[in-house]
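Chains as they are written, first to last, in this note's numbering: chain A, 83 to 648; chain B, 1161 to 1342.
Even for Gly, the Cβ is constructed at its ideal location relative to N, Cα and C.
Remember, predicted model here, so these are calculated numbers, not experimental data.
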Amino acid sequence: MSKRITVDPVTRIEGHLRIDVEVDGGKVQKAWSSGQMFRGIETILQGRDPRDAWLFTQRFCGVCTTVHAIASVRTVENALGLEVPLNAQYIRNLIVMAHAMHDHIVHFYHLSALDWVDVVSALKADPVKTAALANSLSPWPGNSKEQMKAVQDKVKGFVEAGQLGIFTNGYWGHPAMKLPPEVNLLAVAHYLQALEYQRKVNQIVALLGGKTPNIQNLAVGGVANAINLDSDSALNMNKLFMVKDILDDISTFIEQVYFVDVCAIAAMYPEWLGYGAGVTNYLAVPDLPLDTKGTKFDLPGGTIFDGDLAHVREIKTFDDPYFKENVSESIAHSWYDGDWTKHPYEETTDPKYTTFEDTKKYSWVKSPRFQGKPMQVGPLAQVLVGFALGHEPTKRWAVKTLDTAGAIAKVKLSPAVLHSTLGRHAARMIRTCVISETAKKHWGLLAANIGKGDTTIFNPPTFPKGEQRGFGFHEAPRGTLSHWIVIRDGKIANYQAVVPSTWNAGPRDGQNQPGPYEASLVGNPVADAELPLEVLRTVHSFDPCLACAVHTLDPEGNEIATVKVL
Amino acid sequence: MSGLEKVRVLGLGNVLMGDDALGPWVIEDLLARWEFPQGVSVVDVGTPGLDLTPYLADAEAVFLVDTVKADAPPGTLKVYSRGQLLSRGPQPRVSPHDPGLAEALFSLDFAGCAPKEVTLVGVVPGKVEKGVTLTAAVRAAVPAASEEIAGRLGWLGLRPARRPGTKTEPWWEVRIPETACA
């Protein structure tokens, strides 16, 4: 008999992601992904000055602040055909890359590692063996037996005091937890070290962006970072070298810790390289521009359909019609008035809430489509597109990952295993390694360009009378983000944001094609319906971000999340 | 994090969602109408989830300003201690961005760099929905929330001084759409 499981955080934040799965024979047969919060924030922008749009879009989401700011200025620049000075491109790229490294490290260690790591089991580990194992995998100096012992004592102290703190709601002893105690202990040690490194990399955003979490240095047409190597108040040598030091430091952590941990977990949960593929159409956009027009990039973008890497199609520029003309959104199963599929320039946002009905409307999220097809976005899409296009750093890190994980598991792993739940974690790590290298390159490009005497940071925009349309995209940590604008007589007439989690979390469309979350859950095992850890593993692997728009604390309330089994 | 002082006032909330802007609004109010001594950072941190950790780490004292759910009329000011904030324990993580204040504090506790003192100055919201203005009741609570924080900073010997004759005008409310046409 089939069982219906609903995973529904009720609300500290007004509405959320809700996942419903129907389980039969220990496997998920059907799944529904539902955004429980109405956003439609874009309408706040109507009538405003396009030069201010980024300040407002930066507030769409508390986690992806810089991401929406960057996409917005690119959108207005695209509408005006405005070029961006090289220094501004490099400074933006460095902010984008620092943000991405921060975000990916936090996602792996602080938001999803506990799906795989059993903290309580770490108490049974032998610190000497843990250190020996760690040292066989990595030269990282933070893996000594003394450090492992100290972390174990700390966990012990928390357990004995009955205060497992952050880990209280973990799935200890769940049958799907399979790491040996030593690997669990090592992972807990790195969880703590990662806290320090994610703080460190965030400093780059503060140094270049003026402030975090909401950066201050952007402008339509460039950046507002005055460059003067001799001035304390401008971007100077001192600040540039502070950025360089952090980049060096963080790349050591990424290559010697994050890389190794993901390879080890992939090797020890090989079955999860087989679950969770779902939609194997992939979309990524090019990013990290190397010229003023946005025609050359350090991260490639493109599309792949049905997992066929041989027929990858590249998205070549910031103005590529292949992207512009092929994006649409459907509201067939979303709580909006109507049943249309429209291009973002033509969209409206008229909410019409009914109830949750499996076969009708069940989500506030719209369903974005590319040439009418659902697409998976995110690091996996970007890595596969890069791999298929022969992007050297992506290929090198992907091969190294498969070889290293394969060596630990003593099997040969092919790139096909990346179409999976753990493949998404591996791809996020591969992308972080590529970005860490590329950030150092862009630091060098910025320093060299300033060294040549170029201190230009801004091309002033001018707005002609009449109507202009523009789109801007950014390959954000969670995948392809695009903003779309219609400007009329210098004011915003329409604005739409098609965000990564919409591509992935969207409901079925007019043709009843499920979205990537929904498709990826089908076939997942569920050992214990009361504790659907496996469902969370697959959903977490996408790094969902739907919940950040509103923040209300609930210090007096009761339980705010439920796992309901019907 | 670099550039942050040991005593911090952090405003939480989304400026595009009506009364949820309370936290950032109070930050704007504090920065416009008060002069802070060395040793205090006053920051609008938006809605960062677990990304709040860098702002809490290694602090001596943190004052948070946010909307709170409580059984009281909109605009009611409520103050909570660290113990009250943590009494419920962390919540199950469903979406990876669920973790909030309690989770960030637990995580820093485990790492050994949690702030020593945490105080939440909360205001009960009226309408939390798309929009860039506060409801009258919540707007009226802003000066009281600022006074509350100023007073508590005073207990630490860090009381800010009033700047006479200044007005608070948050950018998200005052930016009047003007034509950008050349």
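Can you find a C-beta in chain B that's less than 9 angstroms from the C-beta of residue 381 (chain A)?
For residue 381 (chain A), the answer is no, since every Cβ of chain B falls outside 9 angstroms of its Cβ.
In the DSSP output, what is residue 576 (chain A) paired with across the bridge?
A:568
Closer than 9 angstroms, CB to CB, is residue 418 (chain A) near chain B or not?
no
Could you run through the stretch 148-166 of chain A and flag, in chain order, every residue whose CB is less than 8 angstroms away from some CB of chain B?
none
Quickly, what does DSSP pair residue 452 (chain A) with across the bridge? List them, please.
For residue 452 (chain A), which the question treats as bridged, DSSP gives the partners A:409 and A:455.
Alpha-carbon to alpha-carbon, residue 399 (chain A) and residue 1280 (chain B)
48 angstroms
DSSP three-state assignment for residue 387 (chain A), whether helix, strand or coil
coil
For a contact defined as C-beta to C-beta under 7 angstroms, what are the partners of residue 1214 (chain B) on chain A?
281 and 284
Any beta carbon of chain B sitting closer than 9 angstroms to that of residue 85 (chain A)?
no
Where residue 1317 (chain B) sits in the DSSP three-state scheme
coil
Short-range partners of chain B found in the stretch 322-335 of chain A, where Cβ spacing is below 9 angstroms:
324
What does residue 469 (chain A) reach in chain B if we use C-beta pairs closer than 8 angstroms?
None at all; the shortest Cβ gap to chain B is about 25 angstroms.
Could you pull the DSSP bridge partners for residue 433 (chain A) from this structure?
A:418
Quick one: what's got a C-beta closer than 7 angstroms to residue 429 (chain A)'s C-beta in the same chain, skipping five residues either side?
411 and 578
Can you have a look at residue 421 (chain A) and say buried or exposed, based on whether 16 or more other CB atoms are within 10 angstroms of its CB?
exposed
Going along chain A, which residues have a C-beta under 7 angstroms from residue 1163 (chain B)?
288
With three or more beta-carbon pairs closer than 8 angstroms as the criterion, would you say the stretch 186-194 of chain A touches the stretch 268-281 of chain A?
With a cut-off of 8 angstroms, the stretch 268-281 of chain A and the stretch 186-194 of chain A count as touching, because enough Cβ pairs lie within range.
Per DSSP, what kind of secondary structure is residue 1204 (chain B) in: helix, strand or coil?
strand
Run down chain B in chain order and give the residues with a C-beta less than 7 angstroms from the C-beta of residue 145 (chain A).
1208, 1209, 1211 and 1257
Drop a sphere of 10 angstroms on the beta-carbon of residue 203 (chain A), count the other beta-carbons inside from all chains shown, and report buried for 16 or more, exposed for fewer.
buried
Is the beta carbon of residue 1233 (chain B) closer than 9 angstroms to that of residue 1304 (chain B)?
Residue 1233 (chain B) is positioned such that its CB atom lies no closer than 9 angstroms to that of residue 1304 (chain B).
Go through its chain and collect everything with a Cβ distance to residue 1277 (chain B)'s Cβ below 6 angstroms, but skip five positions before and after it.
1221
With distances taken between CB atoms, is the gap from residue 329 (chain A) to residue 518 (chain A) smaller than 9 angstroms?
yes
What does the Cβ neighbour count give for residue 594 (chain A), buried or exposed, with the cut at 16 atoms within 10 Å?
exposed
Would the beta-carbon of residue 290 (chain A) fall within 9 angstroms of that of residue 317 (chain A)?
Taking 9 angstroms as the cut-off, the Cβ atoms of residue 290 (chain A) and residue 317 (chain A) count as close.
Would you call the stretch 1190-1206 of chain B in contact with the stretch 1324-1332 of chain B, where contact means no fewer than 3 C-beta pairs closer than 8 angstroms?
yes
Name, please, each residue of chain A whose Cβ falls closer than 8 angstroms to the Cβ of residue 1176 (chain B).
123, 126, 138, 141, 142 and 631
Proximity test, Cβ basis, 9 angstroms: residue 1204 (chain B) and chain A:
yes
Name, please, each residue of chain B whose Cβ falls closer than 7 angstroms to the Cβ of residue 192 (chain A).
1210 and 1267
Spatially closest choice to residue 468 (chain A) from A:574, A:354 and A:381, by CA coordinates
A:381
State the Cα-Cα distance for the pair residue 1218 (chain B) and residue 162 (chain A), rounded to the nearest angstrom.
45 angstroms
Against residue 1292 (chain B), what residues of chain A qualify as contacts under a CB-to-CB distance less than 7 angstroms, listed in chain order?
126
Let me see if you follow: with CB-CB separation under 9 angstroms, is residue 188 (chain A) close to chain B or not?
At least one beta carbon of chain B lies nearer than 9 angstroms to the beta carbon of residue 188 (chain A).
What three-state label does DSSP hand residue 438 (chain A) in the structure shown?
coil
What is the DSSP secondary structure of residue 1177 (chain B), counted as helix, strand or coil?
Residue state, collapsed to three classes: strand.
May I have the straight-line CA-CA distance separating residue 506 (chain A) from residue 210 (chain A), to the nearest angstrom?
Between residue 506 (chain A) and residue 210 (chain A), the C-alpha separation is close to 32 angstroms.
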